[in-house]
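Student:
Here it is in structure tokens:
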């Protein structure tokens, strides 16, 4: 009796890590296959263009609003957290550094993960459960080249551009609060911002964005591609795509930051 | 005796502990229409997915034109067309782009020529040219099946697979699809492999019928032989009797 209970207990205990290892194996294989097929012809430029528009252009309002308010909040927080002496230059520089290095890339990526990662998982997941992916294979089209490569390329290329846009809007948000609420001199605020601006900060933010774009698209495609079981399966895939992409974005953000900024 | 187009030997496929194909042996002769019948969950779909390389069998051999499919480097899909159960049309493309998917993708045809060709094949399956610009979601189930058939035959494949071609259709539309299957296969001289549990459809389109049960082909023969067979499993299935040796898992 005890032996049997112990056996069942150990079996249950072993199942979770085993499932994790199996899924990790599938995931690694999927990523390797995806990256390989990103460089293999045929290249579907029309599909790439559609994804570029979908991920980039249609995310502009979301990214703009997020970074605008993030910049505004940082300006207020910085001002309230320091003595008023020298606040004018400190607020401008803190807004600049926090928006370009962290807020614009991370918040934009999290918003895009919600918008695009979910959409990719749902679309590819529906294609999987309605046999459209099987149909692609029988029509001699490689689903990795037709569905996944255009999404990965589009996300990697468009995310840095979105972040650049977010940088501008976020800094503008800080400017709005600085000038219209805290009564800073507009010309001084702009001068201070320009003085502290470093191309490395902006480029670093864009590099992060490229990595985040890769994470969002791969997680969206992976969960969609492996979904099964109809509407419920597609729903789960969508949730998993957003959750895993968001977590990986935050982990990758720390790793990249430590790699480049920790001294 | 006609040569075999598809030759399957000792095919096994399991999902976890569930053995779906349990040593399938099956020959499909060149130009014939073979229908595989069997209840839901007996592995019919898995069988055709294995033949097409959509699933990798655990063991066994599948030869097409005498060449082992897993070992060959040539694209076996170029020889094949498939009509999926739910038609599996791409929602993001219009009807004609679905039909002309292969010619367009290969870049061998201009967009205009591909559309003309798609409309020609759509006509062949009884659809008017004005359907060409619609999206698949705007079509009825029967029309989607016709578009799926058009997409499968536009490349003039040597082998066509039909996965439950009449499921979900009313009896008249089902018969229309049966006629189209017979016509298009005959027109192309193609070998066809159909899986279905619709006996009216099986009787109409089959040259030979094979019955899959518990992952094995338990009976194979012509429609006439089927009617006269005393195989209790086959008889229970074709008469649709709940009583008999086949136990339905509930």
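Protein chains in written order, with this note's numbering: chain R, 102 to 364; chain Y, 57 to 306. Cβ atoms here follow ideal geometry from the backbone N, Cα and C, with glycine treated the same way. Predicted model, so just to flag it, every value in this text is computed and none were measured.
1) May I ask which residues mark the beginning and end of the alpha helix (DSSP H) holding residue 275 of chain R?
2) Kindly give me the distance between the Cβ atoms of residue 234 of chain Y and residue 261 of chain Y, rounded to whole angstroms, as I take these residues to be in contact under 8 angstroms.
3) Can you confirm whether residue 66 of chain Y, when its beta carbon is compared against all beta carbons of chain R, has any partner nearer than 8 angstroms?
4) Within this structure, are the beta carbons of residue 395 of chain R and residue 280 of chain R separated by less than 8 angstroms?
5) State yes or no: is the beta carbon of residue 133 of chain Y nearer than 8 angstroms to at least one beta carbon in chain R?
6) Following the continuous beta strand (DSSP E) through residue 219 of chain Y, name the residue where it begins and the one where it ends.
7) Can you tell me whether residue 183 of chain R is helix, strand or coil according to DSSP?
8) Could you name the residues of chain Y that residue 345 of chain R contacts, counting a contact when the two beta carbons are closer than 9 angstroms?
9) Please specify which runs of the alpha helix (DSSP H), each continuous and at least 4 residues long, are wholly inside the stretch 175 to 219 of chain Y, giving them in chain order.
10) Report, in whole angstroms, the separation of the C-beta atoms of residue 326 of chain R and residue 131 of chain R, which I expect to be a contact under 8 angstroms.
11) What residues in the stretch 236 to 251 of chain R bring their beta carbon closer than 7 angstroms to a beta carbon of chain Y?
12) Among all the DSSP beta bridges, which residues are the ones paired with residue 10 of chain Y?
13) Using the Cα positions of residue 104 of chain R and residue 75 of chain Y, report the straight-line distance between them to the nearest angstrom.
14) Taking just the CA atoms, how far does residue 238 of chain Y sit from residue 177 of chain Y?
15) How big is the Cα-Cα spacing for residue 121 of chain Y and residue 247 of chain Y?
16) Just the chain R side, please: which residues come within less than 8 angstroms of residue 218 of chain Y by C-beta, in chain order?
17) Kindly provide the ranges of any alpha helix (DSSP H) runs that are 4 or more residues long and lie completely inside the stretch 58 to 125 of chain Y, ordered along the chain.
18) Spatial neighbours of residue 211 of chain R within its chain, please: CB distance less than 6 angstroms, with the 5 preceding and 5 following residues excluded, ordered by chain position.
19) Is it right to say residue 192 of chain Y is buried, meaning 16 or more other beta carbons lie within 10 angstroms of its own, or is it exposed?
20) Rounded to whole angstroms, what is the Cα-Cα separation between residue 120 of chain R and residue 73 of chain Y?
21) Leaving out five residues on either side along the sequence, give the residues of the same chain with a beta carbon under 6 angstroms from the beta carbon of residue 297 of chain R.
22) To the nearest angstrom, how far is the alpha carbon of residue 219 of chain R from that of residue 249 of chain R?
23) Can you find at least 3 beta carbon pairs, one from the stretch 156 to 169 of chain Y and one from the stretch 253 to 264 of chain R, that sit closer than 8 angstroms?
24) Apply the 10 Å Cβ neighbour rule to residue 276 of chain R and answer buried if 16 or more other Cβ atoms are within range, or exposed otherwise.
25) CA-CA distance, residue 206 of chain Y and residue 240 of chain R?
26) Indicate the three-state DSSP secondary structure (helix, strand or coil) for residue 136 of chain Y in the structure shown.
27) Helix or strand or just coil, what does DSSP make of residue 168 of chain Y?
28) At a Cβ cut of 8 angstroms, what residues of the stretch 88 to 109 of chain Y count as close to chain R, listed as they run along the chain?
29) Starting from residue 249 of chain Y and walking both ways along the beta strand (DSSP E), at which residues does that stretch end?
30) Starting from residue 266 of chain Y, find everything on chain R with Cβ-Cβ shorter than 7 angstroms and list it in chain order.
31) Cα separation between residue 245 of chain R and residue 319 of chain R?
32) Less than 8 angstroms between the CB atoms is what I'm expecting for residue 57 of chain R and residue 213 of chain R, so what's the real figure, rounded?
33) Restricting to Cα atoms, I'd like to know which of R:209, R:307, R:175, R:137 is closest to residue 161 of chain R.
34) Suppose contacts are defined by Cβ-Cβ distances below 8 angstroms. Is residue 198 of chain Y in contact with residue 236 of chain Y by that definition?
35) Give me the Cβ distance between residue 270 of chain Y and residue 96 of chain Y, rounded to the nearest whole Å; I'm assuming they're in contact under 8 angstroms.
36) Do we get a CB-CB distance below 8 angstroms when we pair residue 158 of chain Y with the residues of chain R?
Tutor: According to the structure shown:
1) Residue 275 of chain R -> alpha helix (DSSP H) spans 250 to 281.
2) Right, their Cβ atoms sit about 5 angstroms apart.
3) Under the Cβ distance rule, residue 66 of chain Y does not count among the residues neighbouring chain R, no pair being separated by less than 8 angstroms.
4) In the structure displayed, chain R extends from 102 to 364; residue 395 of chain R sits before or after that span and is not available.
5) Residue-level contact check: residue 133 of chain Y touches chain R, since one or more beta carbons of chain R fall below 8 angstroms from its beta carbon.
6) First-last of the beta strand (DSSP E) with residue 219 of chain Y: 215 to 219.
7) Looking at residue 183 of chain R - three-state DSSP - the assignment turns out to be coil, as it is neither helix nor strand.
8) Around residue 345 of chain R, no beta-carbon contact reaches into chain Y at under 9 angstroms, the shortest distance being about 24 angstroms.
9) Counting only runs of 4+ residues, the alpha helix (DSSP H) found wholly inside the stretch 175 to 219 of chain Y occupies 197 to 209, in chain order.
10) Indeed they touch by this definition, with Cβ atoms about 7 angstroms apart.
11) Flagged, chain order: 236, 238, 239, 240, 241, 242.
12) Any answer about residue 10 of chain Y is impossible in this case: the structure gives chain Y only from 57 up to 306.
13) Inter-residue distance for residue 104 of chain R and residue 75 of chain Y is about 30 angstroms (C-alpha atoms, whole angstroms).
14) Approximately 15 angstroms between the Cα atoms of the pair.
15) Those two C-alpha atoms are separated by around 11 angstroms.
16) Within chain R, no residue comes near residue 218 of chain Y; the closest Cβ sits about 12 angstroms away, beyond 8 angstroms.
17) With a minimum length of 4 residues, the unbroken runs of alpha helix (DSSP H) contained wholly in the stretch 58 to 125 of chain Y fall at 100 to 107.
18) So the qualifying residues of the chain are 347.
19) With a threshold of 16 other beta carbon atoms within 10 Å, residue 192 of chain Y meets it and is buried.
20) Rounded to whole angstroms, residue 120 of chain R to residue 73 of chain Y spans 16 angstroms at the Cα level.
21) Cβ neighbours of residue 297 of chain R beyond the five flanking positions: 194, 197.
22) For residue 219 of chain R and residue 249 of chain R, the distance between alpha carbons rounds to 14 angstroms.
23) When Cβ pairs closer than 8 angstroms are counted between the two stretches, the stretch 156 to 169 of chain Y is seen not to touch the stretch 253 to 264 of chain R, the count staying below three.
24) Buried, by the Cβ-count rule.
25) Cα to Cα, the separation comes out at about 13 angstroms.
26) Strand, per DSSP.
27) In this structure, residue 168 of chain Y counts as helix in the three-state DSSP scheme.
28) Contacts with chain R (Cβ-Cβ distance below 8 angstroms) from the stretch 88 to 109 of chain Y involve 105, 108, 109, listed in chain order.
29) Segment 247 to 252, the beta strand (DSSP E) holding residue 249 of chain Y.
30) Against chain R, the beta carbon of residue 266 of chain Y has no neighbour under 7 angstroms; the closest one sits roughly 22 angstroms away.
31) Distance from the CA of residue 245 of chain R to the CA of residue 319 of chain R, rounded to the nearest whole angstrom, comes to 11 angstroms.
32) In the structure as shown, chain R begins at 102 and stops at 364. Residue 57 of chain R is therefore absent and cannot be evaluated.
33) Comparing alpha carbon positions, the residue from R:209, R:307, R:175, R:137 closest to residue 161 of chain R is R:209.
34) No; because the gap between Cβ atoms is not below 8 angstroms, this pair is not in contact.
35) Their Cβ separation, rounded to whole angstroms, is 13 angstroms, which puts residue 270 of chain Y and residue 96 of chain Y out of contact at 8 angstroms.
36) Residue 158 of chain Y counts as touching chain R.
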